[in-house]
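Some notes on the structure that comes next.
Protein chains: 2
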Amino acid sequence: MIRLSDIGEDALIRRLIRLVPLDPAPAAGPGDDCAVVDPGPGHASLQLLKTDALVEHIHFLPDAPARAVGWKACARVVSDFAAMGGRPERFLVTLALPPQTPVAWAENLYRGIGECLTRCGGVLAGGETSSVPPTSAAVISIAATGSVRREHLTLRSSAHPGHALLVTGTLGGSRLAKHLAFTPRLEETGWLVSHFKPTAMMDLSDGLARDLPRLALASGCGYEVERGLLPLTAGCTVEQALGDGEDFEILLAIEESRVAGLLAAWGGEFPELALTRIGRLVKAGDGDSLHGGWEHFAKGLAK
Amino acid sequence: MIRLSDIGEDALIRRLIRLVPLDPAPAAGPGDDCAVVDPGPGHASLQLLKTDALVEHIHFLPDAPARAVGWKACARVVSDFAAMGGRPERFLVTLALPPQTPVAWAENLYRGIGECLTRCGGVLAGGETSSVPPTSAAVISIAATGSVRREHLTLRSSAHPGHALLVTGTLGGSRLAKHLAFTPRLEETGWLVSHFKPTAMMDLSDGLARDLPRLALASGCGYEVERGLLPLTAGCTVEQALGDGEDFEILLAIEESRVAGLLAAWGGEFPELALTRIGRLVKAGDGDSLHGGWEHFAKGLAK
Chain A
-1 MIRLSDIGED ALIRRLIRLV PLDPAPAAGP GDDCAVVDPG PGHASLQLLK
49 TDALVEHIHF LPDAPARAVG WKACARVVSD FAAMGGRPER FLVTLALPPQ
99 TPVAWAENLY RGIGECLTRC GGVLAGGETS SVPPTSAAVI SIAATGSVRR
149 EHLTLRSSAH PGHALLVTGT LGGSRLAKHL AFTPRLEETG WLVSHFKPTA
199 MMDLSDGLAR DLPRLALASG CGYEVERGLL PLTAGCTVEQ ALGDGEDFEI
249 LLAIEESRVA GLLAAWGGEF PELALTRIGR LVKAGDGDSL HGGWEHFAKG
299 LAK
Chain B
-1 MIRLSDIGED ALIRRLIRLV PLDPAPAAGP GDDCAVVDPG PGHASLQLLK
49 TDALVEHIHF LPDAPARAVG WKACARVVSD FAAMGGRPER FLVTLALPPQ
99 TPVAWAENLY RGIGECLTRC GGVLAGGETS SVPPTSAAVI SIAATGSVRR
149 EHLTLRSSAH PGHALLVTGT LGGSRLAKHL AFTPRLEETG WLVSHFKPTA
199 MMDLSDGLAR DLPRLALASG CGYEVERGLL PLTAGCTVEQ ALGDGEDFEI
249 LLAIEESRVA GLLAAWGGEF PELALTRIGR LVKAGDGDSL HGGWEHFAKG
299 LAK
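Sequence lines, in order, name chains A and B. For what it's worth, this note's numbering labels the leading residue of the first sequence as -1, then goes sequentially. For what it's worth, this note's numbering labels the leading residue of the second sequence as -1, then goes sequentially.
Next comes the structure, spelled out in structure tokens:
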């Protein structure tokens, strides 16, 4: 019998989506950071849809502060809207919690969600609470709508060979602290799509080694990474930068000719956040082959 | 320390929603079957948002057929759209499963979701998969968008004292089979809002004894139920009809003067599905007081 741990998340998703009706005319193909819905030609904005889940023991430990867990659950979704050039709007929060959970824990979780919504400009539109058996892990699932102006929509699939690859911030070591307290790059991506619109963009949730191949594949490209250029979090190795995951930084592609102008303008706009050229897209079949990163359902969980 | 099992679901939700930013101008108040979003005066339809979750051991047993679990997870959401006079559109499916779950189980779950979407007219727009620890319960969380024509929107909160109360189908005994195989009353509610628009409507998920007080409270009313009129599932008692839950039938209020016409027309339109007058709304503070029904987080779970 084949089990989920035998095939991994990407293969599982490919098998599952064959079994259900899909949008016959999607505004963007499946597999991007969010689903994109076109409300019709008279509308300046497209709707974005996203769902994401945090599981106790997998994405956070039982002793993690509930407020930080709530922030993280909400910020992960905001990060996906940012990665498409959009903004968050309405949130649906599902809590599946053991009955012995302290009410104060749930309240602090919601305080963290509320802080993130206030900071990023979303509102709670609805929710669901359910018990799980007393020995089961808590699950927090957040679905949300967002919006993006048509001309700002930035997919994973629209880059070409020769485009430069850049990342915001530093990579690696997220689990020490940042994974519970990261700031979604909403302001930065809003600036990018207005001033130096990338040819492709995604947020780094599973590690560069897993996420970059996804962007390259979606764009029909290969990729080359200059490991010596990777912006490492202090104390981290290249391998950690590639594989730790949960950086929630932005990976973007842009025409080589625009890189110098972008870097100069970025330094003036966001002096405290690095933007680093790390490599380039190449023809499909050429370039590097990265391995590692976070894999759900894997045998011997990496974290 | 106060725990979730001490306060119950409704009290928990009241405490939580104070802690987050809410829509400053919602198209409908909180606490209805779905959230309602008004896209602006030029639009004939409103958007509906809903999220719902199924938890192993709570909403289904480990030996339940995965295909039926998938159908149920999807049909519960469709039922909420139906209860507001709307239709389902785009679905986001989150699976949080133990790593040893057979791939075939997840595939059969998705087949059930696909059958429900095909039957009810929705599409999959996105999803999320995550592992849970090997000993944790599986959680299936489904969020979806729907739409409702402005003139068809039917809330819980718009009925008045004196309006008659009716239910579709029969009540009680759902856990024997129906809870995994029910048909959302989408066709029936679509007909109702076009021909005999109710003054209030909701779907019965937690049992009439718990759900009717919610509708009455939302409408600022009390209620009277004629127990002898309750349409009982074969072999069920009145107490089961009131308290079992998961009937997924429709509870509706309508002006007393329109009941005879509605019942006559209904019999011609839906000859195989009962529609039964069970009581009426009265002034707030008057009438009956029902107790029981399904309570999440309760000590000594009722089912």
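Ideal placement from N, C-alpha and C gives every residue a C-beta, glycine not left out.
In whole angstroms, give me the CA-to-CA distance for residue i and residue j.
i	j	result
L90/A	R65/A	17 angstroms
G144/B	R225/A	46 angstroms
E7/B	D204/B	11 angstroms
E186/B	P269/B	11 angstroms
M199/A	Y108/B	30 angstroms
G120/B	P39/A	22 angstroms
L213/A	P96/B	28 angstroms
D209/A	L202/A	6 angstroms
L44/A	S134/B	38 angstroms
A51/B	A141/B	9 angstroms
G160/B	S192/A	57 angstroms
A300/B	R1/B	Its pLDDT being 33, under 50, A300/B is placed unreliably in this model, and the value from its coordinates should be taken loosely. Computed Cα separation, rounded: 18 angstroms.
L184/B	K281/A	50 angstroms
E105/A	T197/A	41 angstroms
A102/A	P132/B	27 angstroms
E253/A	A62/A	41 angstroms
I111/B	H150/B	26 angstroms
D286/B	G218/B	14 angstroms
G298/A	E244/A	Confidence in G298/A is poor, its pLDDT being 38 and thus under 50, which makes the residue's placement too unreliable to answer from.
Counting only beta-carbon atoms, is residue i nearer than 9 angstroms to chain B?
i	result
M200/A	no
R13/A	yes
T181/A	no
V18/A	yes
V91/A	yes
L10/A	yes
S203/A	no
K297/A	Per-residue confidence for K297/A stands at a pLDDT of 49, beneath the threshold of 50, marking its modelled position as unreliable; no derived number is given.
S172/A	no
P22/A	yes
P28/A	yes
Would residue i count as contacting chain A if we go by Cβ distances under 9 angstroms?
i	result
R1/B	yes
V146/B	no
T152/B	no
P39/B	no
R88/B	yes
A135/B	yes
L178/B	no
A300/B	Per-residue confidence for A300/B stands at a pLDDT of 33, beneath the threshold of 50, marking its modelled position as unreliable; no derived number is given.
C234/B	no
D331/B	Beyond the ends of chain B as shown, which are -1 and 301, falls residue 331/B; an answer cannot be given.
S155/B	no
S255/B	no
S139/B	yes
Name, please, each residue of chain B whose Cβ falls closer than 8 angstroms to the Cβ of residue i.
i	result
S217/A	In chain order: nothing, as chain B lies at least about 20 angstroms away.
Using a Cβ cut-off of 9 angstroms, pull out every chain B residue sitting near residue i, in sequence order please.
i	result
E244/A	None at all; the shortest Cβ gap to chain B is about 13 angstroms.
P131/A	V53, E54, H55, I56, S134, A135
Under 9 angstroms between beta-carbons, which chain A residues line up against residue i? List them in chain order, please.
i	result
T143/B	V35, Q45, L47, T143
Strictly below 7 angstroms CB to CB, what residues from chain A border residue i?
i	result
D50/B	E126
Identify the contact partners of residue i in chain B, using a Cβ-Cβ distance below 7 angstroms as the criterion.
i	result
L95/A	L2
D209/A	Chain B residues near D209/A: none, gap ~15 angstroms exceeds 7 angstroms.
Run through chain A and tell me which residues come within less than 8 angstroms of residue i, C-beta to C-beta.
i	result
I5/B	V101
Using 9 angstroms as the limit for Cβ to Cβ distance, is residue i near chain D?
i	result
S77/A	No chain D appears in this structure, whose protein chains are A and B.
- Task: Can you give me, in chain order, the residues of the segment 98 to 129 of chain B that have a beta carbon less than 8 angstroms from any beta carbon in chain A?
- Result: Q98, T99, P100, V101, A102, A104, E105, Y108, R109, I111, G112, L115, T116, G120, V121, L122, A123, G124, G125, E126, T127, S128, S129
- Query: Got a sec: which bits of the segment 52 to 72 of chain B sit with their beta carbon under 7 angstroms from any beta carbon on chain A, in order along the chain?
  - Reply: V53, H55, I56
- Cβ pair count under 8 angstroms reaching 3, the segment 164 to 176 of chain B against the segment 234 to 243 of chain B: yes
- Are at least three pairs of beta-carbons, each pair with one atom in the segment 19 to 33 of chain A and one in the segment 150 to 158 of chain B, less than 8 angstroms apart? no
- Does the segment 237 to 247 of chain A touch the segment 3 to 23 of chain B, meaning 3 or more C-beta pairs lie closer than 8 angstroms? no
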